[in-house]
Amino acid sequence: MPACLVQGASRGIGLEFCMYLLRGVPNITVIATCRNPGGATDLRALQAKNPSNLHIIPLDVIDESSIKQAANEVKQHNGGGVDLLINCAGILHPSGRGETSLRDVSSQGLLTTFSTNAIGPLLVGKYFSPLLQKGTGAFGQHAQNKQTHAAVMANISAKVGSITDNGLGGWYSYRMSKCALNMATKNLSIELGRGRNKVICVSLHPGTVDTELSRPYHKNVPSEKLFSTERSVQYLMDIINGLTMQHTGKFYTWDGKEMLF
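Here the working numbering is used: the first residue of the sequence shown is 35, the next is one more, and so on.
1. Go ahead and pull the three-state DSSP assignment for Gln-181.
2. Please report how far the alpha carbon of Arg-228 lies from the alpha carbon of Pro-164, in whole angstroms.
3. Would you kindly report the start and end of the unbroken alpha helix (DSSP H) that includes Phe-51?
4. If you compare alpha carbons, which of Ala-66, Pro-92, Asn-70 is closest to Leu-80?
5. Quick one, which of Ala-185, Ser-207, Lys-232 has its alpha-carbon nearest Leu-136's?
6. Can you tell me whether DSSP reads Cys-122 as helix, strand or coil?
7. Kindly examine the ligand SAH and report whether one of its heavy atoms sits closer than 7 Å to the Cβ of Lys-83.
8. Distance, Cα to Cα, Pro-155 vs Asn-189?
9. With a threshold of 8 Å, are at least 3 pairs of Cβ atoms found where one atom belongs to the segment 36-44 and the other to the segment 53-73?
10. Among the residues of its own chain, which have a CB less than 8 Å from the CB of Ser-129, if the five just before and after it don't count?
11. When DSSP builds the beta bridges, which residues end up paired with Tyr-286?
12. Would you decide whether Leu-303 is buried or exposed? Buried here means 16 or more other CB atoms lie within 10 Å of its CB.
13. Under 8 Å, do Ala-177 and Thr-282 count as touching if we go by C-beta distance?
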């Protein structure tokens, strides 16, 4: 029975990943984490429809002790490993809007954004990597019918985190934090690519998705480039299902194209 952990599953892309997996993967166990399960109305409604396959546990991505406790709880509950881990939680900025100039930059804004978008996902990798290394290789592709990896770790990044692609500036906290997340992905891919129980680690850009994070900027996005969460997750799962060890450590956009860091 494959197992997937979705970090940041209370709404948006994270919630959609849970729905996709429950709908499309037979006999899957989905472990959904969020900071406040009691307030995650939509996630709890989904659990009510899938009581045997969806489990919700608390995990505050900016609290290391919470991440460690969540990993221990998953280990005790699930018994085996985790085949797919998706880091979804993210914020644009504590104010809800990205900085447009240096006048808007603050140490608190930077620290909060980095904690959620970069440090938290890395710590999730730290505490959940032993479970990933016990995965069965249920996601991704294997060469010549031989298992080449144990699990996949997908970090939801953003195109604006690419140094190479940055031609507009602004959004200091968000850009820098997603750039740091991409470096974390690369480092994780190297460390978890050693030994027999390898883990594929990738960063994924979901496109501009109709979520609370992007809502203030919808008027600037052509309708054909504003994706529903369902459409974005379908694209991202197509990428995840096609991954091999040759893809580890890289950054891909929603259409499967490699993005330069």
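All C-beta atoms in this analysis are idealised placements derived from N, C-alpha and C, irrespective of residue type, glycine included.
Looking at the atomic coordinates:
1. It is coil, neither helix nor strand.
2. Spanning the two alpha carbons is a distance of roughly 13 Å.
3. In this chain, the alpha helix (DSSP H) harbouring Phe-51 covers 46-58.
4. Taking only the C-alpha atoms, the option nearest Leu-80 is Ala-66.
5. Nearest of Ala-185, Ser-207, Lys-232 to Leu-136, Cα basis: Ser-207.
6. The three-state reading of DSSP puts Cys-122 in coil, since its state is none of H, G, I, E or B.
7. Annotation note on the ligand SAH: not contained in the displayed structure, which lists no ligands.
8. Between Pro-155 and Asn-189, the C-alpha separation is close to 7 Å.
9. With three or more CB-CB distances shorter than 8 Å, the segment 36-44 counts as touching the segment 53-73.
10. Around Ser-129, the same chain offers Gly-143 as residues with beta carbons nearer than 8 Å, after the five sequence neighbours per side are excluded.
11. DSSP output for Tyr-286 lists Leu-238, Glu-292 as bridge partner(s).
12. For residue 303 there is no data in the structure shown, the boundaries of the chain being 35 and 295.
13. Not in contact: Ala-177 and Thr-282 (Cβ atoms no closer than 8 Å).
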